[in-house]
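Each residue of the sequence shown is one higher than the one before, counting from 1334 in my numbering. Glycine included, every Cβ here is placed at the ideal spot set by N, Cα and C. Bear in mind the structure is a predicted one, so any value in this text is a computation, not a measurement.
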Amino acid sequence: MFSRLARPQQAAALKAISRNFSVSSQNQHKVAVMGASGGIGQPLSLLMKQAPQVSQLSLYDIVHTPGVAADLGHIESPAKVTGYVGPDQLKASLEGCEVVVIPAGVPRKPGMTRDDLFNTNASIVRDLCRAAAEVCPKAFIAIISNPVNSTVPIASEVYKQAGVYDPSRIFGVTTLDIVRANAFIGELKGVDPREVNCPVIGGHAGITIIPVISQCTPAVQFPADQLKALTERIQDAGTEVVKAKAGAGSATLSMAYAGARFAVSLLRAMDGEQGVVECSYVRSDVTESPYFSTPCLLGKNGLEKNLGMGTLSEFESDLVKKALPELLASIKKGEDFAAKK
Ligand code: NAD
Ligand code: LMR
């Protein structure tokens, strides 16, 4: 293609390409994706390979990572991709990583709750976090694996046991709930969803997912019955995808998008960008639940400031009250699991 262009056009085309993938001293970051061969892991790795902040991408899974890494390695962006497969290569995969994104674990099938995944995924997250706590204790950990309401407390306990716990560096990824709220509100109001920003707080399962539509920008109004229906659609959106996939798993592509958005926000904040805010399920004293998702200001050291819930409507306050017992039970379940030898 370039040979058919005149020299000035060739130069302009090359400049445009290098602008897209340009690397400055700030954006030389090493990121790991754990569970990189899966339904989320592969498209998430593709998006991270294209992120200008990433210079090294480490892909870990118990299967197929050499192939995924070889495939992604042919993409014309600077990030160097390395595949690691199996427990013998786990620690090597985490060497020098600054952000570790974890989508490893089984997804739901129709009829299951996220909590039904606990028995399989709890030990997967525990073992990956044990390795990360040893090899890259300062890395930001972004946990996608369900049930997030329990896997984040498990990760925290593992870091405490290793003596390297920093609550500002452990995040439950709830970004897909915000992405969905923005998409659904944009659709209902005929607004470009990229212009919509609706916080979603609480946790990441059913009634613990609490869209704060009263704080949406631009401001939107719905009659009470529509507000209830929209809230329930956001709460049940994961199940909507599980049903539509009819046994072939849960959301993967939208989750990869959301996971990449969250990881890139962490990297942008790490690079000193001001005002980077994402909702995330973190250690929290905003409510009586020790973990709770709220908008978080991100910074060089991870969670810089928890921005809290803000003013909620009566409807939203009621949703928080209803969510707390389930959140507390899921957190206890995770902590009890992590306490077992
Ligand atoms: P998947 O089965 O397609 O992929 C999971 C991958 O994890 C597989 O490649 C598997 O080999 C790998 N894996 C299993 N055990 C591992 C281990 N010990 N170490 C490393 N890798 C291991 O599943 P998926 O659709 O990608 O979903 C993954 C998880 O993400 C599920 O728990 C799902 O519920 C969750 N999820 C969370 C959100 C969210 O919003 N947080 C959204 C969608 C899915
Ligand atoms: C989602 O919200 O899509 C994920 O948590 C996956 C699921 O099981 O619904």
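Outcome for residue i when other beta-carbon atoms lying within 10 angstroms are tallied against a minimum of 16
i	result
Lys1638	exposed
Pro1443	exposed
Val1396	exposed
Leu1509	buried
Gly1686	Summary: the structure shown does not reach residue 1686, with the chain confined to residues 1334 through 1674, and so no result is reported for it.
Thr1453	exposed
Arg1527	exposed
Thr1550	exposed
Gln1375	buried
Ser1663	buried
Lys1654	exposed
Ser1650	exposed
Contact set for residue i: own chain, Cβ-Cβ below 6 Å, skip 5 residues either direction
i	result
Ile1567	Arg1513, Ala1514 and Pro1544
Arg1441	Val1575 and Ser1583
Arg1601	Val1609
Gln1386	Asn1360, His1362 and Leu1600
Lys1413	Gln1389
Gln1383	Ser1410
Val1324	Past the boundaries of the shown model lies residue 1324; the chain is included only from 1334 to 1674, so the question cannot be answered.
Gly1484	Sequence inspection shows Thr at residue 1484; the Gly mentioned does not correspond to that position. If we look at Thr1484 and ignore the five residues flanking it on each side, its Cβ neighbours are Val1458, Ile1476 and Ser1478.
Lys1424	Ala1464 and Val1468
Proximity winner among the options, relative to residue i (alpha-carbon distances)
i	options	result
Pro1532	Asp1525, Phe1451 and Ala1516	Ala1516
Gly1643	Ser1426, Ser1663, Cys1612 and Val1575	Cys1612
Gly1535	Ile1457, Pro1436 and Leu1660	Leu1660
Ala1466	Ile1542, Glu1428, Pro1480 and Val1481	Glu1428
Ser1456	Val1491, Glu1621 and Val1387	Val1491
Ile1474	Thr1446, Thr1453, Pro1436 and His1397	Pro1436
Ala1402	Ser1378, Glu1409 and Gln1386	Ser1378
Gly1416	Gly1372, Gly1368, Glu1409 and Asp1448	Gly1368
Val1468	Thr1507, Pro1500 and Gln1422	Gln1422
Gln1555	Ala1472, Ser1646 and Ser1598	The sequence shown places Phe at residue 1555, rather than the Gln named in the question. Of Ala1472, Ser1646 and Ser1598, the residue nearest in Cα terms is Ser1646.
Ala1538	Gly1406, Arg1447, Lys1493 and Gly1505	Arg1447
Ile1373	Glu1621, Ile1477 and Ile1503	Ile1477
Leu1652	Thr1620, Leu1630 and Leu1392	Thr1620
Leu1640	Leu1630, Asn1634, Phe1648 and Glu1649	Leu1630
Gly1419	Tyr1393, Glu1431, Asp1404 and Val1529	Tyr1393
Gly1592	Ser1622, Phe1504 and Gly1632	Phe1504
Ser1426	Ser1598, Pro1399 and Gly1438	Pro1399
Own chain residues within Cβ distance below 7 Å of residue i, not counting five before or after
i	result
Val1553	Ile1518, Lys1522 and Ile1546
Thr1541	Asn1482, Gly1535, Ala1656, Glu1659 and Leu1660
Val1497	Ala1466 and Pro1470
Pro1628	Pro1532, Val1610, Cys1612 and Leu1640
Met1381	Val1364, Val1366, Val1387, Leu1390, Ala1593 and Ala1596
Those residues which DSSP pairs with residue i across a bridge
i	result
Lys1638	Leu1630
Glu1611	Cys1629
Pro1544	Val1533
Met1367	Tyr1393
Tyr1590	DSSP, once it has assigned bridges, lists no residue as partnering Tyr1590.
Tyr1417	Tyr1393
His1362	Val1387
Ala1675	Because residue 1675 is not part of the residues shown, which for the chain are 1334 to 1674, the question remains open.
Thr1550	Asn1530
Arg1616	Tyr1624
Contact set for residue i: own chain, Cβ-Cβ below 8 Å, skip 5 residues either direction
i	result
Ile1487	Ala1455, Val1458, Arg1459, Cys1462, Gly1667, Glu1668, Phe1670 and Ala1671
Glu1573	Arg1566
Asp1569	Gly1539
Minimum Cβ-Cβ distance from residue i to chain C less than 8 Å
i	result
Asn1479	The chain labelled as chain C is not found in the depicted structure, where only one protein chain is given.
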